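First to last, the protein sequences are chains V and D.
Whatever position you read off the first sequence (first residue = 1), add 1309 for the working numbering.
Whatever position you read off the second sequence (first residue = 1), add 1 for the working numbering.
Every residue gets a Cβ at the ideal spot worked out from N, C-alpha and C, and that includes glycine.
Computed from a predicted structure; not experimentally measured.
Quick notes on the structure that follows.
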Amino acid sequence: DVKVTQSSRYLVKRTGEKVFLECVQDMDHENMFWYRQDPGLGLRLIYFSYDVKMKEKGDIPEGYSVSREKKERFSLILESASTNQTSMYLCASTAGTGGRNEQFFGPGTRLTVL
Amino acid sequence: SQQGEEDPQALSIQEGENATMNCSYKTSINNLQWYRQNSGRGLVHLILIRSNEREKHSGRLRVTLDTSKKSSSLLITASRAADTASYFCATDAAGTALIFGKGTTLSVSS
């Protein structure tokens, strides 16, 4: 059974804290993605990675960075959390290139920044 | 850069009825996908339709694609309460990454 796991379902952090969100997939997928989801805005792509140590900015990368040191793990980092980063964060992975394959999603992390 | 836009934003029906939701997009695509999201959970892939296909079925799901109108529709037949969820279309216009629409929230009451 294929699986994408995220380190936390719920997280509460203080403004200014450094926050790490971890995502692990067990499908040997090349591509991994981080999205944030907000009411009325749908899913917006923050960053994606198509290989180890490779990354590409998505639509809203400001305030975020990512790390992919191993193929199965993709981390999202909030260097200095702010209240406007309160959101649901979703990780996904897919094999191959382009949009020809389905993306597999983790259960999401609901982050609250106070 | 929102590509897909679902319509309607919200849909309420009774069990047993059919549910139809639409997706429009702006630029040429190779594939269009539909996903489902239960409240507070991750997305689950439902179906993928390629640009050279016009219709595809999977169980109670029927997806159509009209590339000339840049639109797709998802039909769920004989809806059940368990179909209550948000449904998203996603296109591959961005290359490796998908672009998701804002979703249609479907509520099926018994």
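Below-8 Å beta-carbon distance, residue i vs any chain D residue
i: residue 1393 of chain V; result: no
i: residue 1416 of chain V; result: yes
i: residue 1383 of chain V; result: no
i: residue 1359 of chain V; result: yes
Given residue i as reference, the closest of the options once Cα atoms are compared
i: residue 1402 of chain V; options: V/1344, V/1377, V/1316 and V/1334; result: V/1334
i: residue 1410 of chain V; options: V/1341, V/1328, V/1323 and V/1420; result: V/1341
i: residue 1375 of chain V; options: V/1392, V/1331, V/1396 and V/1347; result: V/1331
i: residue 1369 of chain V; options: V/1384, V/1345, V/1383 and V/1392; result: V/1345
i: residue 1415 of chain V; options: D/73, D/41 and D/56; result: D/41
i: residue 1383 of chain V; options: V/1360, V/1392 and V/1391; result: V/1360
i: residue 1351 of chain V; options: D/101, D/110, D/111 and D/109; result: D/101
Collapsed DSSP secondary structure at residue i in the structure displayed
i: residue 1340 of chain V; result: strand
i: residue 2 of chain D; result: Annotation note: pLDDT 49 at residue 2 of chain D (below 50); position unreliable, coordinate value reported separately. Looking at residue 2 of chain D - three-state DSSP - the assignment turns out to be coil, as it is neither helix nor strand.
i: residue 1335 of chain V; result: coil
i: residue 1315 of chain V; result: strand
i: residue 1394 of chain V; result: helix
Span separating the alpha-carbon of residue i from that of residue j
i: residue 2 of chain D; j: residue 80 of chain D; result: Bear in mind that the predicted position of residue 2 of chain D carries a pLDDT of just 49, short of 50, making it too unreliable to give a figure here.
i: residue 53 of chain D; j: residue 1389 of chain V; result: 46 Å
i: residue 1312 of chain V; j: residue 1324 of chain V; result: 32 Å
i: residue 66 of chain D; j: residue 28 of chain D; result: 14 Å
i: residue 93 of chain D; j: residue 1413 of chain V; result: 15 Å
i: residue 1379 of chain V; j: residue 82 of chain D; result: 41 Å
i: residue 1387 of chain V; j: residue 34 of chain D; result: 30 Å
i: residue 57 of chain D; j: residue 99 of chain D; result: 20 Å
i: residue 1320 of chain V; j: residue 32 of chain D; result: 35 Å
Whether residue i touches residue j by CB criterion (8 Å)
i: residue 44 of chain D; j: residue 37 of chain D; result: yes
i: residue 107 of chain D; j: residue 84 of chain D; result: yes
i: residue 103 of chain D; j: residue 6 of chain D; result: yes
i: residue 1366 of chain V; j: residue 1358 of chain V; result: no
is_contact[residue i, chain V] using C-beta, thresh 8 Å
i: residue 104 of chain D; result: yes
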